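A.B. asks:
Number of protein chains: 2
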Amino acid sequence: MDSQDFAKTFLPEVTVDVVLLSIRSDGSLVTLLAQRDEEPFKDTWALPGVFVGRDETLDAAAARALRTKAAIVGDVFVEQLFTFGDLNRDPRGRIVSVAYYALVPEGRFATAVARNKDAVIARIDASATDDGIAVRNEAGKALKLGFDHGRIIGMALQRIRGKLNYAPIGFELLADEFTLFELQHIHEAVLGRKLNKDSFRRKMLASGLIEDTGQRRSGTAYRPAALYCFKKAER
Amino acid sequence: MDSQDFAKTFLPEVTVDVVLLSIRSDGSLVTLLAQRDEEPFKDTWALPGVFVGRDETLDAAAARALRTKAAIVGDVFVEQLFTFGDLNRDPRGRIVSVAYYALVPEGRFATAVARNKDAVIARIDASATDDGIAVRNEAGKALKLGFDHGRIIGMALQRIRGKLNYAPIGFELLADEFTLFELQHIHEAVLGRKLNKDSFRRKMLASGLIEDTGQRRSGTAYRPAALYCFKKAER
DNA sequence: CAACATATATGCTAGATGTAGATATGTCAA
DNA sequence: TTGACATATCTACATCTAGCATATATGTTG
């Protein structure tokens, strides 16, 4: 980029949008959407997002979007996803959006939604494509998405599916202590298919990423499963 | 992103920088850098990049950077890499850069460099880290990189390494016809380690991605290897 | 025509994964 | 107290893949 280009350029707005993902114990993959109360896309649902501030990094803007638009505070797994720069993605003008995704356990997700009267839980249909995705509310009714946010959510799902093969992102979606079968359910929800129970157990135990806490999952009507936790040092 | 945010925002510049990657027959991984003849970072080497135009998508800006700053025309494999938005990455002001990477065969890379008197071939040291990377010219002298471009190149290398596991990007770096051993050399250069010849052959033949052209690589002083090509339909 | 260098094919071994069955351990009801 | 029950956990075995060694094939070169 040369200085001589400066005169010819213009100044697009830059926003950050965040796909907050969680997996519920029934196996459904969910994200948090906020209802738009103004044009454009009034009365549709959109991802939490903010304009990037003058002295704010992109990562900081993502954290602010989570804090102010999704009531998520404290440590969260957040990672940059993709940058969307189509010409007419926002009717207000040329806006480039840097998309992020975040992963939280079910409990934190529920708390965040409860604190936000404008927010809704959106179930993500497992058949994600590159072109976008359909979301439904808890009653099963389709939610109309604003902007190109369907495409952003679809890309977030693709990303975590790929990431599961080489990174321990399943742990980000679980509480501190969990059984192996619960971890398996997380993987199945992300991948959208069933996994072999014994193979999964073997691979996880051999991975060295988890350790037995010595505790058991109580309150079951059958043999309780051992509770494991994520080895912090290995992280 | 709400309309009420508009007043509070400012307008950062948005640029696109492209890491043009190729692999030479000696196994070296190379990229094209342009000498900066102005401040900031005068007399250092930088990636080809342009400011994003008013009516230009990010992908189109990347194509323009390749065309005008790297003399690369026509079809190329180009993909978005990551967006860099640190506060002081450019001393001229707040500039957000959307990085792309492109893959071309050795021949096209050499032609592009030859057409550009400001351009230089930069060999990439295989020991890439997330923090950046060192590059050297053909004489082995270290090239000083401007901006955060060392970090961008490092991330490009990480990306293609990961991508090699599930996508046939090796073909983007080769001519239309190639021997299996030549394809293996590409993979070895990307991964930075030797591969087992027989296993590689078996896996490639079983992948269904390539087909025998019936031709042989002539001009060798030993048994000529079969030439394969990439199955277009499967792509 | 034989030496040579590399391509190509084949068989063996170790590790990872899918599957089936056996065993362990908690709750619950009689 | 005891046995049925459901799930957790373990063990054995088949299958598949990658790495490795060896044997064979096919060009060039003297």
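As they're listed, the protein sequences go chains A and W. Just so you know, we're using the working numbering here: the first sequence kicks off at 12 and counts up by one. Just so you know, we're using the working numbering here: the second sequence kicks off at 12 and counts up by one. Idealized CB from N, CA, C, for every residue including glycine. Keep in mind the model is a prediction, meaning the values are calculated, not measured.
Which residue marks the beginning of the beta strand (DSSP E) containing Gly89(W), and which one marks its end?
C.D. replies: A small fix is needed here, since residue 89(W) is Val in this sequence, not Gly. For Val89(W), the enclosing beta strand (DSSP E) has its first and last residue at Phe88 to Phe95.
A.B. asks: Under DSSP, the alpha helix (DSSP H) around Phe120(A) begins and ends at which residues?
C.D. replies: Element bounds for Phe120(A): Glu117 to Ala125.
A.B. asks: Please list the partners that Gln169(A) has in chain W, where partner means a Cβ-to-Cβ separation under 8 Å.
C.D. replies: The contacting residues do not exist; Gln169(A) stays about 12 Å from chain W at best.
A.B. asks: Are the CB atoms of Lys80(W) and Ala45(W) nearer to each other than 9 Å?
C.D. replies: Yes, they are a contact pair.
A.B. asks: Decide if Arg204(W) is buried, meaning its Cβ has at least 16 other Cβ atoms within 10 Å, or exposed.
C.D. replies: exposed
A.B. asks: Could you confirm whether any beta carbon from chain A is found closer than 9 Å to the beta carbon of Asp226(W)?
C.D. replies: The sequence as given places Gln at residue 226(W); Asp does not occur at that position. With respect to chain A, the C-beta atom of Gln226(W) has no partner C-beta closer than 9 Å.
A.B. asks: If you draw a straight line from the alpha carbon of Ser33(A) to that of Gly173(A), how long is it in whole angstroms?
C.D. replies: Ser33(A) and Gly173(A): Cα-Cα distance of roughly 16 Å.
A.B. asks: So the candidates are Phe241(W), Ser210(W) and Thr122(W); which of them puts its Cα closest to the Cα of Phe182(W)?
C.D. replies: Phe241(W)
A.B. asks: How about the segment 66 to 86 of chain A and the segment 48 to 56 of chain A: do they share at least three Cβ pairs that are nearer than 8 Å?
C.D. replies: no
A.B. asks: Counting C-beta neighbours from all protein chains within 10 Å, is the total for Asp37(A) 16 or more, i.e. buried, or is it exposed?
C.D. replies: exposed
A.B. asks: If I measure Cβ to Cβ from Val41(W) and keep anything under 8 Å in the same chain, skipping five residues before and after, which residues do I get?
C.D. replies: Leu32, Ser33, Ile34, Arg35, Phe120, Ile132, Ala133, Arg134 and Ile135
A.B. asks: Assuming Pro71(A) and Phe93(A) are in contact, meaning their beta carbons sit under 8 Å apart, how far apart are those beta carbons, in whole angstroms?
C.D. replies: For the sequence presented, residue 71(A) should be read as Ala rather than Pro. Ala71(A) to Phe93(A), Cβ: 19 Å. No contact.
A.B. asks: Return the Cβ separation of Leu175(A) and Leu202(A) in integer angstroms, given the expectation that the two are a contact with Cβ distance under 8 Å.
C.D. replies: 7 Å
A.B. asks: Looking at the C-beta of Gln46(A), does it have a partner C-beta in chain W at a distance below 9 Å?
C.D. replies: no
A.B. asks: What's the C-alpha gap between Ala178(W) and Arg147(W)?
C.D. replies: So the two alpha carbons sit approximately 29 Å from each other.
A.B. asks: Can you name, in chain order, every residue of its own chain whose Cβ lies under 6 Å from the Cβ of Ala186(A), other than the five neighbours on each side?
C.D. replies: For Ala186(A), where only same-chain residues beyond five positions count, the Cβ hits under 6 Å are Pro116.
A.B. asks: Just list the residues that DSSP pairs Leu31(A) with in beta bridges.
C.D. replies: Ala113(A)
A.B. asks: When you compare only the Cα positions, how much space is there between Gln91(A) and Gly60(W)?
C.D. replies: 21 Å
A.B. asks: Using DSSP with H/G/I as helix, E/B as strand and the rest coil, what is Val201(W)?
C.D. replies: helix
A.B. asks: On the DSSP letters alone, give me the boundaries of the beta strand (DSSP E) that Asp223(A) sits inside.
C.D. replies: Ile221 to Arg227
A.B. asks: May I ask you to report which of helix, strand or coil DSSP gives Leu185(A)?
C.D. replies: coil
A.B. asks: How is the alpha helix (DSSP H) around Phe241(W) delimited, first residue to last?
C.D. replies: Premise fails: Phe241(W) lies in the beta strand (DSSP E), Ala237 to Phe241, not in any alpha helix (DSSP H).
A.B. asks: Determine the contact status of Ile197(W) and Val30(W), defining contact as a CB-CB distance below 9 Å.
C.D. replies: no
A.B. asks: So what does Ile106(A) bridge to, in DSSP terms?
C.D. replies: Per DSSP, Glu24(A).
A.B. asks: Counting along the chain, where does the alpha helix (DSSP H) carrying Ala72(A) start and finish?
C.D. replies: Start and end: Leu69 to Ala81.
A.B. asks: Just the chain A side, please: which residues come within less than 8 Å of Val109(W) by C-beta, in chain order?
C.D. replies: Here the neighbours are Thr94, Gly96 and Val107.
A.B. asks: Using a Cβ-Cβ cut-off of 8 Å (strictly less than) and excluding sequence neighbours within five positions of Met166(W), which residues of its own chain qualify?
C.D. replies: Excluding sequence positions up to five before and after Met166(W), its CB lies within less than 8 Å of the CB of Leu92, Phe93, Ala110 and Asp141, all in the same chain and listed in chain order.
A.B. asks: Please name the residue, chosen from Gly157(W), Ala74(W) and Phe192(W), that lies closest to Ala57(W) on a Cα-to-Cα basis.
C.D. replies: Comparing Cα positions, the closest option is Gly157(W).
A.B. asks: With distances taken from CA atoms, which of Ile171(A), Met215(A), Asp223(A) and Ala76(A) is nearest Ala123(A)?
C.D. replies: Closest in C-alpha terms to Ala123(A), from the list Ile171(A), Met215(A), Asp223(A) and Ala76(A), comes Ala76(A).
A.B. asks: My output table needs one value for Ala153(W): the three-state DSSP class, helix, strand or coil.
C.D. replies: strand
A.B. asks: Give me the chain A residues within the contact set of Leu69(W), using Cβ-Cβ distance strictly less than 9 Å, ordered along the chain.
C.D. replies: In chain order: Thr94, Phe95, Gly96, Asp97 and Val107.
A.B. asks: Taking the alpha carbon of Phe62(A) as the point to measure from, which residue in Ile106(A), Arg100(A), Thr55(A) and Val89(A) has its own alpha carbon closest?
C.D. replies: Ile106(A)
A.B. asks: Along the chain, where does the beta strand (DSSP E) containing Phe62(A) start, and where does it finish?
C.D. replies: Gly60 to Phe62
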